[in-house]
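Sequential numbering from 314 applies to the sequence shown in the numbering used here.
Think of the CB as a built atom: it goes at the ideal place given N, C-alpha and C, for glycine as much as any other residue.
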Amino acid sequence: MQNLLPEPPATRLPADAEADKALAEAAATGSEQAFKAVAAKYPAYSAAWAPLAAAALAADEPVTAYAYARTGYHRGLDALRRNGWKGHGPVPWSHEPNQGFLRCLHALSQAAAQIGEADEAARCAQFLRDSDPAAADALT
């Protein structure tokens, strides 16, 4: 049976050159403090929260990772909605400004699993795959 309803258009978040530059500079240092400074200066920028969540996961601090990832996830949802996303539809991994949100979603799934939130972990993993299977493949 053919689906007669059109797929929603892909949502592509706008780039933020200033925040991107700050994040690249933080990444060059590898300093957690540098990443925290980027998140403090650009709190709506999901890409700033993703490396903090990843570092907390690597340090076996799942509660901290959950907090960072949830913040980046919610700020990303806000940005998606401001850019036409209606709660479903593709969020392409190939569009680099989307990657911060998708990385936070992945980290949230991992952190949720580590703190025993199995339903949340599964929901986030499915949301990631629904957003773009390429993101799920790249991050898992």
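Between Ala-420 and Ala-366, the C-beta gap is smaller than 7 Å, which places the two residues in contact. With the rule of 3 Cβ pairs closer than 8 Å, the stretch 340 to 348 does not count as touching the stretch 400 to 407. Secondary structure remark: continuous beta strand (DSSP E) runs of at least 3 residues inside the stretch 327 to 406: none found. It is roughly 9 Å from the alpha-carbon of Ala-392 to the alpha-carbon of Phe-414. Each of Ala-371, Pro-375, Tyr-358 was checked against the Cα of Glu-430, and the nearest Cα belongs to Pro-375. In the three-state DSSP reduction, Ala-323 falls in the coil class, being neither helix nor strand.
When the five nearest sequence neighbours on each side are left out, the beta carbons in the same chain lying within less than 6 Å of the beta carbon of Ser-359 are those of Gly-385, Arg-388, Gly-389, Gly-413, Phe-414, Cys-417, in order along the chain. Annotation: the continuous alpha helix (DSSP H) that includes His-419 extends over 412 to 427. Going by DSSP, Glu-433 is part of the alpha helix (DSSP H) stretching over 431 to 444. Here Ala-449 is buried. Its C-beta has 16 or more other C-beta atoms within 10 Å. At the C-beta level, Trp-406 and Asp-443 stay beyond 7 Å of one another. A straight line joining the alpha-carbon of Ala-424 with that of Asn-411 spans about 20 Å.
Beyond the five residues adjoining it in sequence on each side, Leu-336 comes within less than 7 Å, by CB distance, of Val-351, Ala-360, Ala-361 in the same chain, given in chain order.
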